[in-house]
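Enquirer: Position 281 (the sequence shown) corresponds to 302 in our numbering; numbering is contiguous. Take this structure, written in structure tokens, and hold onto it; I'll ask about it next.
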Amino acid sequence: MFKVKGIVTHYRPHIDETCAIWLLRKLGEKEFHGIREAKVQFADAGDRTPNGRPWQEWHDQGYILIGIGGGRFDEHANQKSARKKEHCATSLVAKALGIDDDPVFKPIIEAVVENDLRGSGSLLDLGAISNMLHAHCDDAEQVMRWVTFGLEAIYQRQVQYWTTTKTEYERSAQVEEIKWSGGRKFNIVTLQSDDEQVLRYARSKHGANAGIVIQKKSTGHVQIHTSPYHGLFLYDVAKLLRIEEQKAGGKEPLRVLDPRVLASEGTLQEIPEWFFHVGMQKLMNGSLTAKNVPPTKMPLSWIQNLIRIGINPGRFESSRQKECEAGKCTAQAKGCPWYTWQLKRCSEVRNTRKAS
22 MFKVKGIVTH
32 YRPHIDETCA
42 IWLLRKLGEK
52 EFHGIREAKV
62 QFADAGDRTP
72 NGRPWQEWHD
82 QGYILIGIGG
92 GRFDEHANQK
102 SARKKEHCAT
112 SLVAKALGID
122 DDPVFKPIIE
132 AVVENDLRGS
142 GSLLDLGAIS
152 NMLHAHCDDA
162 EQVMRWVTFG
172 LEAIYQRQVQ
182 YWTTTKTEYE
192 RSAQVEEIKW
202 SGGRKFNIVT
212 LQSDDEQVLR
222 YARSKHGANA
232 GIVIQKKSTG
242 HVQIHTSPYH
252 GLFLYDVAKL
262 LRIEEQKAGG
272 KEPLRVLDPR
282 VLASEGTLQE
292 IPEWFFHVGM
302 QKLMNGSLTA
312 KNVPPTKMPL
322 SWIQNLIRIG
332 INPGRFESSR
342 QKECEAGKCT
352 AQAKGCPWYT
362 WQLKRCSEVR
372 NTRKAS
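Structure (structure tokens):
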């Protein structure tokens with residue numbers, strides 16, 4: 022059995038080398054006995070080993086070289102071989118461990134490859150933070166422990182996503198296809214669940230690729246999220262929910278009727294139940310960071326119906342659909358139950374009538 026005496030990588034290891042070592046320690050004990058307890062040694066980057074001996078000699082003596090030395094887990098080009106295309110140390114380790122296509126690990130591996138090969142990432146990206154920590158901390162192992170803690174958190178989230186969340190979605194998801202004029206369509210998914218990732222699952226290709234997800238928690242709080250890929254806007258939905266929330270709470274006459282206020286960002290003092298995040302086009306009735314918000318008084322079925330109405334600009338009150346489509350507003354003459362909602366489409370019909 023191969024016995025690991027130590028791990029060798031370059032000074033100030035990047036997220037790539039740190040992730041590769043994390044994977045080996047987590048899953049490689051069977052093939053690389055002792056890897057979990059093996060200490061990390063540091064050397065210069067490049068295809069040379071610390072003393073110039075071939076990497077195979079280091080390997081035979083129990084040392085695993087990561088990202089250096091021209092060996093098994095070094096993707097860089099050297100005098101004897103070309104660069105291993107679209108690979109980094111992490112992806113080479115993942116392939117050796119047989120997890121390169123594992124859905125739990127694959128997003129982590131792909132993110133590290135992208136970071137290592139193309140330098141992608143933001144200021145708050147784990148890879149960027151790793152580099153910044155090395156710049157301000159001389160203890161490389163301490164930095165690696167911190168980064169590994171972050172990788173482990175991502176891993177645990179992935180495990181939950183593919184086990185508990187997947188099961189919860191399959192148990193509770195109600196999928197409804199919404200069709201618009203012009204043949205456009207998208208899915209609305211409704212879930213009654215406390216799972217923190219089920220919204221994400223519903224929006225993914227593994228779920229329903231949902232344009233809108235409605236999640237009701239056991240506390241009665243409701244979250245409404247949109248997918249950024251469907252180009253959906255919740256301004257009219259915000260108006261509807263805030264008007265109907267006032268009615269459900271017995272606040273009549275209604276305290277807030279101005280359509281600009283009803284569609285505004287944030288929380289309205291008179292209607293504390295709903296927070297509108299304009300940038301992300303989501304409506305939140307409480308959240309993990311706002312636990313004291315009162316739950317909505319509206320039943321879930323009514324919220325679903327309001328969303329169907331608010332999201333479809335071509336939908337009008339059923340008894341006068343044709344008149345509205347023709348640009349004729351009959352609200353003043355006949356009375357219209359939708360009039361107080363002041364939907365954008367209704368305002369456009371009234372303005373068209375005035376202009377003519």
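Idealized CB from N, CA, C, for every residue including glycine.
#1: Give me the Cα-Cα distance between M301 and K268, rounded to the nearest whole angstrom.
#2: Let me confirm a value: C158 is counted as buried when at least 16 other C-beta atoms fall within 10 Å, else exposed. Which label applies?
#3: Can you tell which of T70, Q195, I292 and I42 has its C-alpha closest to the C-alpha of K272?
#4: Hey, L253 and I233: beta-carbon distance below 8 Å or not?
#5: What residue from D137, D123 and Y182 has the CA that sits closest to E217's CA?
#6: Mind checking who S102 pairs with in its DSSP beta bridge?
#7: Within 10 Å of its beta-carbon, does L145 have 16 or more other beta-carbons around it, so buried, or fewer, so exposed?
#8: Could you give the DSSP three-state label for Q82: helix, strand or coil?
#9: So, under 8 Å CB-CB, G307 and H242 are touching, yes? Tell me the CB distance rounded to an integer number of Å.
#10: May I ask which residues mark the beginning and end of the beta strand (DSSP E) holding A64?
#11: Between V219 and Y176, how many whole angstroms is the CB-CB distance? I'm expecting something under 8 Å.
#12: Just checking my contact of L154 with V164 at CB under 8 Å: how many whole Å lie between their CB atoms?
#13: Taking the beta carbon of I28 as the centre, do at least 16 other beta carbons fall within 10 Å, making it buried, or is it exposed?
#14: Taking buried to mean at least 16 other C-beta atoms within 10 Å of its own C-beta, is P34 buried or exposed?
#15: By Cβ distance below 7 Å, which residues in the same chain neighbour S248 in space, the five residues on each side in sequence not counted?
#16: What is the residue span of the beta strand (DSSP E) that W43 lies within?
#17: Ends of the alpha helix (DSSP H) at K157?
#18: Does the beta-carbon distance from C109 to V125 come in below 8 Å?
#19: Among the candidates Y32, S285, A41 and W295, whose CA atom is the shortest distance from the CA of E131?
#20: Please state whether DSSP places I328 in a helix, a strand or coil.
#21: Do K260 and W323 have their CB atoms nearer than 8 Å?
#22: Could you tell me which uninterrupted beta strand (DSSP E) segments, each at least 3 residues in length, are contained entirely in the segment 254–294, listed from first to last along the chain?
#23: So, are the CB atoms of D65 and H97 less than 8 Å apart?
#24: Quick check: the Cα distance between R117 and I129, rounded to an integer number of angstroms?
#25: Residues in the same chain with beta-carbon distance under 8 Å from E338, minus the five sequence neighbours each way, listed in chain order, please.
#26: What's the call for W295, buried or exposed, on a 16-neighbour Cβ count within 10 Å?
#27: Taking only runs of the beta strand (DSSP E) that begin and end inside the segment 164–247, which ones reach a length of at least 3 residues, in chain order?
#28: Do you know offhand how far A284's Cα is from P334's?
#29: For G270 and K318, which I take to be in contact (beta-carbon distance under 8 Å), what is that distance rounded to the nearest angstrom?
#30: Please report the distance separating the alpha-carbon of V168 from that of Y250.
#31: Hey, Q82 and K47 are a contact pair by Cβ (cut 8 Å); roughly how many whole angstroms apart?
#32: Pull the bridge partners of F297 from the DSSP assignment, please.
#33: Is it the case that the Cβ atoms of D137 and D37 are separated by a distance below 8 Å?
#34: Count the other CB atoms within 10 Å of the CB of E107; is the residue buried (16 or more) or exposed (fewer)?
#35: Judging by CA-CA distance, which residue of K226, L113 and P75 is the nearest neighbour of L44?
#36: What does the Cβ neighbour count give for P280, buried or exposed, with the cut at 16 atoms within 10 Å?
Expert: According to the structure shown:
#1: As a working note, residue 301 is residue 280 in the sequence shown. As a working note, residue 268 is residue 247 in the sequence shown. Those two C-alpha atoms are separated by around 27 Å.
#2: Translated into positions along the sequence shown, residue 158 becomes position 137. Exposed.
#3: If you number the sequence shown from 1, residue 272 lands on position 251. Checking every option, the nearest Cα to that of K272 belongs to I292.
#4: Within the sequence shown, residue 253 is the residue found at index 232, counting from 1. Within the sequence shown, residue 233 is the residue found at index 212, counting from 1. A contact, by the Cβ cut-off of 8 Å.
#5: Stepping through the sequence shown from its first residue, residue 217 is reached at position 196. Per the Cα distances, Y182.
#6: Along the sequence shown, one-based indexing puts residue 102 at 81. None; S102 has no bridge partner.
#7: Here residue 145 refers to the residue found at position 124 of the sequence shown. It is exposed - the Cβ of L145 has fewer than 16 other Cβ atoms within 10 Å.
#8: Reading the sequence shown from its first residue, position 61 is the one you call residue 82. Three-state result, Q82: coil.
#9: Start at 1 with the first residue of the sequence shown, and residue 307 comes out as number 286. Start at 1 with the first residue of the sequence shown, and residue 242 comes out as number 221. Going by Cβ atoms, the distance from G307 to H242 rounds to 4 Å, so yes, they are a contact pair.
#10: Translated into positions along the sequence shown, residue 64 becomes position 43. That run of the beta strand (DSSP E) goes K60 to A64.
#11: In the sequence shown, the residue the question calls residue 219 occupies position 198. In the sequence shown, the residue the question calls residue 176 occupies position 155. Between Y176 and V219 the Cβ distance is about 19 Å, and since that is not below 8 Å, they are no contact.
#12: As a first step, residue 154 is located in the sequence shown; it is residue number 133 there, counting from the start. As a first step, residue 164 is located in the sequence shown; it is residue number 143 there, counting from the start. Their Cβ separation, rounded to whole angstroms, is 5 Å, which keeps L154 and V164 in contact under 8 Å.
#13: As a position in the sequence shown, residue 28 is number 7, starting the count at 1. It counts as buried.
#14: Walking along the sequence shown from the start, residue 34 turns up at place 13. So P34 counts as buried.
#15: Counted from its first residue, the sequence shown places residue 248 at position 227. Once the five neighbours on either side are set aside, the close Cβ partners of S248 are R224, A231 and G232.
#16: The residue given as residue 43 occupies position 22 in the sequence shown. No beta strand (DSSP E) contains W43, which is instead part of the alpha helix (DSSP H) from I36 to L48.
#17: For this step, residue 157 is matched to residue 136 along the sequence shown. It is His, not Lys, that sits at residue 157 in the sequence shown. Counting along the chain, the alpha helix (DSSP H) containing H157 begins and ends at L147 to H157.
#18: As a working note, residue 109 is residue 88 in the sequence shown. As a working note, residue 125 is residue 104 in the sequence shown. Their beta carbons are not under 8 Å apart, which means C109 does not touch V125 by this criterion.
#19: Locating residue 131 in the sequence shown gives position 110, where the first residue counts as 1. Cα-wise, what sits closest to E131 is A41.
#20: For the purposes of this step, residue 328 is taken as the residue at position 307 of the sequence shown. I328: helix per DSSP, three-state reduction.
#21: Residue numbering aside, residue 260 sits at position 239 when the sequence shown is read from its first letter. Residue numbering aside, residue 323 sits at position 302 when the sequence shown is read from its first letter. Cβ atoms of K260 and W323: not closer than 8 Å.
#22: 287–289
#23: Residue 65 sits at position 44 when you count from the first residue of the sequence shown. Residue 97 sits at position 76 when you count from the first residue of the sequence shown. No.
#24: For the purposes of this step, residue 117 is taken as the residue at position 96 of the sequence shown. For the purposes of this step, residue 129 is taken as the residue at position 108 of the sequence shown. Arg is not the amino acid found at residue 117; the sequence shown has Ala there. Computed Cα separation, rounded: 16 Å.
#25: To locate residue 338, count along the sequence shown from 1; it is residue 317. Taken in chain order, the residues that qualify are C345, C357, P358 and W359.
#26: Counting from one through the sequence shown, the residue named residue 295 turns up at place 274. Buried: at least 16 other Cβ atoms inside 10 Å.
#27: 195–200, 206–213, 233–237 and 243–247
#28: Translated into positions along the sequence shown, residue 284 becomes position 263. Translated into positions along the sequence shown, residue 334 becomes position 313. When rounded, the distance between both Cα atoms is 15 Å.
#29: Here residue 270 refers to the residue found at position 249 when the sequence shown is read from its first residue. Here residue 318 refers to the residue found at position 297 when the sequence shown is read from its first residue. Between K318 and G270 the Cβ distance is about 6 Å, and since that is below 8 Å, they are a contact.
#30: As a working mapping, residue 168 is identified with position 147 in the sequence shown. As a working mapping, residue 250 is identified with position 229 in the sequence shown. Rounded to whole angstroms, V168 to Y250 spans 31 Å at the Cα level.
#31: The residue you call residue 82 lines up with position 61 of the sequence shown. The residue you call residue 47 lines up with position 26 of the sequence shown. Contact flag wrong, Cβ pair sits at about 24 Å.
#32: Along the sequence shown, one-based indexing puts residue 297 at 276. DSSP, once it has assigned bridges, lists G287 and L304 as partnering F297.
#33: Residue mapping note: residue 137 aligns to position 116 of the sequence shown, counting from 1. Residue mapping note: residue 37 aligns to position 16 of the sequence shown, counting from 1. Their beta carbons are under 8 Å apart, which means D137 touches D37 by this criterion.
#34: By one-based count along the sequence shown, residue 107 stands at place 86. By the 10 Å Cβ count, E107 comes out exposed.
#35: Counting from one through the sequence shown, the residue named residue 44 turns up at place 23. It is L113.
#36: Stepping through the sequence shown from its first residue, residue 280 is reached at position 259. Under this definition P280 is a buried residue.
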